[in-house]
Amino acid sequence: MPRINSPDELEKVRNEILSQKDANKPCISICAGTGCLACGAAEVIAAFKEEINKQGLEADVDTKGTGCPGFCERGPIVVIYPEEICYLQVKPEDAPEIIAQTIKEKKVLERLLYLDPSTNESATRESDIPFYNNQERLIISNNIKIDSKSIEDYLAIGGYSALAKVLFQMTPEQVLEEVGKTNLRGRGGGGFPAALKWEGSRNAPDPEKYVIVNADEGDPGAFMDRALLEGNPHLILEGLMIGAYTIGAREGYIYVRQEYPLAVENVNIAIRHAEEYGLLGNNILGSGFDFTVEVHQGAGAFVCGESSALMTALEGKTGEPRPKYIRSNIRGLWEKPTVLNNVETWANVPLILNNGADWFNSYGTDRSKGTKIFSLVGKINNTGLVEIPMGMALRDIIYKVGGGIPENKKFKAVQTGGPSGGCLPDSMLDLEVSFDELTAAGSMMGSGGMIVMDEDTCMVDVARYFLDFLTDESCGKCVPCREGVKQMLKILTNITKGRGKEGDLELLEELGEVVKDISLCALGQTAPNPFLSTLKYFREEYEAHIEDKRCPALYCKELISYYIDPEKCQACMACLKKCPSDAIIGGKKTIHIIDQDKCTKCNTCLDVCPPRFKAVSKISGEPVPPPIPEEERTITRGNKEK
Amino acid sequence: MSKILLKIDGKEIEAEEGMTLLEAARDGGIEIPALCHHEKLEPYGACRICTVEAEKNGRSKLVVSCVYPVEKGLNVTTRSEKIDRVRKTILELLLSHAPDSEKLLELAAEYGANKDRFEKEPSFCVHCGLCVRYCAEIKGKFAVGFINRGSRREINFLPELAAAECWKCKECFPLCPTSALQAAFVFTEAQFSETPAFETDSGNKY
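Here the protein sequences line up with chains A and B, keeping their order. Sequence positions in the first sequence follow this note's numbering and run 381 to 1022. Sequence positions in the second sequence follow this note's numbering and run 3 to 208.
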């Protein structure tokens, strides 16, 4: 690799790379992100390579392991260029047919295409699939275009042009002004304007400053930062370098969780390649700007995603937050001015400088500009990563992009903002998703987790689940979080177990307020949110649990019983044979009865009862009807005779 | 160092730049309760009982006085209904661990805290970290530290270091607001030594 010493040389290298690429040459792009790899993408890639070798097509067809395009529900995903044919859930054994038909004969394999369940029509290209075409994929769309491990691929799509522009055509003040015009707000959850943070650090008198990428993505079910860092690591590096140049930092850190081995691997490769090209290190592109970056792996504590705890951990101490009455952009890592931004925030920076603030501002709402990537998970048809313009209605995200709720169940709530976010009910579905609107509704943007819940979800249990997570992840330093959240969890657990009592809700509210008001860091300050927001929108569920000992969603084990309707039971033996605790009494031609003392409420009987009988049901808040007398349980010739 | 003028409970206070609200208040003769604070140690901000209200430009917020730096023109209130409620709840939470701590009971009486409000979990330690920080910051020995995190967090002596250092020191003992430390120390010492760790005034050996 030649060292690049000027913007002109950068363009020369870029043109050389492009000249070697034949736009018409078939290229099989296979998502090699963590999700697809877990579904067998590595085997699919190997199968394609083997088939290409076997047919001697090495010179005619390229293969590429790319970043995550987001449609994780249907992985492994294969896109074939130049036609951009998108195949879903591809298996290794599909490779020979794809090569024979699609590559050689230019025929589309109908069976691997997306089939729209509402119209029954198939979609050939990514852009024809509703999951994709209802999004605004400014950032994530590049993931599938490039080999995540290739700097040349990144250069081919215009990579590092924003950095060159900044270093040679802009002063740090101009960069601040341009980013400031977009009001780019922190994508990690806080929503603090990035340019303000940068300006504070730039103006701080200490000459030694740092920039940090926060890739310690810890929210359960959230993986947008992973997809960006492992899919397009150079984009993050480029953003980080622009930030460093702007504030006057020469050193940066990427704090990435250890649970993301592929992201660690890919970003380390990216750093090495960038150094070889002279895009990192001393005198970058001959500009006189020096910058080095180091990858630091976290040790798995959720709280280390909090900026001050992250910096404490980087310093080699226990990862605990510290008071932020003096902001970390003034006194941060090693007490030096430090700008810490989330992966996605940094990813937006090169886009803004390449395309200008006006372009960026054409997306989003008044106070929240640009797009936001969410990980759409839970009870939703199209699980995956979605990038939507700020201001899109929750309803559109869930139904247009997400494809609605599986099995035609009823939507109940959507939880946004990670474990300390809030749950919004169907009356809030028209809410336009942006920082301030979500906060006003009692939830928050957070880093972009979006968990959809259907009618079978118990909201009290949801609050209990998230408080359990937060109790477990609290660092334990400050009393309100360590003790207060734990007490809240105890009370909530009691409620779900039928031991709730009068006054519990008031006590929870009182504790919630203290925890919110005086906890040391954002983890504690927002920890009561799962309770407060579910109480706000689902108070009747809490009351049912406490007053009637009833779980309306029929979820809380201690509050439900299983019952076989003797009118419907056909004595088919299915549940009797499968019951793991021998709790079902009956036999051939003898109506089945559940022994409530033995029943462990594992749900097996309900699962195996044939849908045409539907004899098993769950009961809550009322006594189980007594079993019918033994002499009335016999069935003859398939018809019940009493 | 330049002087900073602020108001605490209506009283004009002149403080040095870089001081915390707690220090400024105490200098001015205004007492704010604190459990994890020690004048020789770095401010820690963990127990939150020294929470006060600070008002500036008409906006008031709850801040923790042992870590909040003095600011010109700040108007600080050290007792109010809101502050008392916070302190009461904190005391009730801590009393579930150390129901017999004299210091906690004294404050509980002041703030009307009910020591039986939450289910008892007598671990005695309230995690103020005074012993841990004293040993690290003043003595430079690191013989006692925190293990685990969150609600499973505990203080623990590192047996090898404690056996070598703690015998002759024991300076952290009187700092402990709940007397949990002695118990932990004796426990560790007993595992490592045949000889008694210390004798009480009445001659009992432990």
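Virtual Cβ for every residue (Gly too), placed ideally from N, Cα, C.
Asked: Excluding the 5 residues flanking A:GLY580 on each side, which residues of the same chain have their C-beta closer than 7 Å to its C-beta?; Found: ARG707, ASN709, ILE710
Asked: Measuring alpha carbon to alpha carbon, tell me which residue in B:GLU121, B:PHE120, B:PHE126, B:LYS122 is nearest B:GLU104.; Found: B:PHE126
Asked: Report back the beta-carbon spacing between A:LYS1030 and A:ILE785 to the nearest angstrom; my notes put them in contact at under 8 Å.; Found: Because chain A in this structure spans residues 381 to 1022, residue 1030 of chain A falls outside the shown range and cannot be described.
Asked: Can you have a look at A:GLY892 and say buried or exposed, based on whether 16 or more other CB atoms are within 10 angstroms of its CB?; Found: buried
Asked: Expressed to the nearest angstrom, what Euclidean distance is found between the alpha-carbon atoms of A:ILE520 and A:GLY450?; Found: 8 Å
Asked: For A:PRO641, which three-state DSSP category applies?; Found: helix
Asked: Excluding the five sequence neighbours on either side, which residues of its own chain have a C-beta within less than 6 Å of the C-beta of A:ASP632, listed in chain order?; Found: Residue 632 of chain A is actually Gly in this sequence, not Asp. The residues are VAL591, LEU620, ALA624, VAL673.
Asked: Let's see if you can read the secondary structure: which residues bound the alpha helix (DSSP H) around A:LYS780?; Found: Segment: none, A:LYS780 is in no alpha helix (DSSP H) and carries neither H nor E.
Asked: Count the other CB atoms, across all protein chains shown, that sit within 10 Å of the CB of A:THR692; report buried if there are 16 or more and exposed otherwise.; Found: buried
Asked: Can you tell me whether DSSP reads B:VAL146 as helix, strand or coil?; Found: strand
Asked: Does DSSP put A:ASP605 in a helix, a strand or coil?; Found: helix
Asked: Could you round the C-beta distance between A:VAL865 and A:LEU850 to whole angstroms and report it? I think they count as a contact, below 8 Å.; Found: 6 Å
Asked: Within 9 Å of any Cβ in chain B, is that where the Cβ of A:PRO860 sits?; Found: yes
Asked: Under 9 Å, Cβ to Cβ, is there at least one residue of chain A near B:ARG61?; Found: no
Asked: Run through DSSP, which three-state label would A:ALA544 get?; Found: helix
Asked: Mind checking whether A:LYS968 and A:CYS985 have CB atoms under 9 Å apart?; Found: no
Asked: Check whether the Cβ of A:SER687 lies closer than 9 Å to any Cβ atom in chain B.; Found: no
Asked: Which residue or residues does DSSP assign as beta-bridge partners of A:GLY632?; Found: A:VAL591, A:VAL673
Asked: So B:THR53 contacts chain A; which residues on that side make the cut at Cβ distance below 7 Å?; Found: ILE898
Asked: Taking only the alpha-carbon atoms, compute the straight-line gap between A:ARG394 and A:SER530 and give it to the nearest angstrom.; Found: 13 Å
Asked: Spell out the partners DSSP gives A:GLN795 in its beta bridges.; Found: A:CYS803, A:ILE831
Asked: Select from the region 137-157 of chain B all residues with a C-beta closer than 7 Å to any C-beta belonging to chain A, and list them in chain order.; Found: ARG151, GLY152, SER153, ARG155
Asked: Grab the span of the beta strand (DSSP E) containing A:CYS452 for me, first residue to last.; Found: Neither: A:CYS452 is in no beta strand (DSSP E) and is coded neither H nor E.
Asked: Counting pairs of Cβ atoms below 8 Å between the region 391-410 of chain A and the region 444-459 of chain A, do you hit three or more?; Found: yes
Asked: Determine, using beta carbons only, whether A:GLY851 comes closer than 9 Å to chain B.; Found: Checking the displayed sequence, the identity of residue 851 of chain A turns out to be Thr instead of Gly. With 9 Å as the cut-off, A:THR851 counts as an interface residue toward chain B.
Asked: Please classify A:ALA681 as buried or exposed, where buried requires at least 16 other C-beta atoms within 10 Å of its C-beta.; Found: buried
Asked: In whole angstroms, what separates the C-alpha of B:ARG89 from that of B:ALA110?; Found: 9 Å
Asked: So which residues of chain B does A:CYS419 contact, with C-beta pairs closer than 8 Å?; Found: What A:CYS419 touches in chain B: nothing, since even the nearest Cβ is about 34 Å away.
Asked: For the structure I just gave you, are there three or more beta carbon pairs, one from the region 935-943 of chain A and one from the region 992-1006 of chain A, closer than 8 Å?; Found: yes
Asked: Would you identify the three-state DSSP class for A:HIS972, choosing helix, strand or coil?; Found: strand
Asked: Compare the C-beta of A:LYS866 against all C-beta atoms of chain B and say whether one is closer than 9 Å.; Found: yes
Asked: Quick one: what does DSSP say A:CYS407 is sitting in, helix, strand or coil?; Found: strand
Asked: Applying a beta-carbon distance threshold of less than 7 Å, which residues of chain B neighbour A:PRO703?; Found: GLY47, VAL66, VAL69
Asked: According to DSSP, is A:GLU553 part of a helix, a strand, or is it coil?; Found: helix
Asked: Is the region 839-849 of chain A close to the region 121-139 of chain B, with three or more CB pairs under 8 Å?; Found: no
Asked: Under three-state DSSP, which class holds A:SER581?; Found: helix
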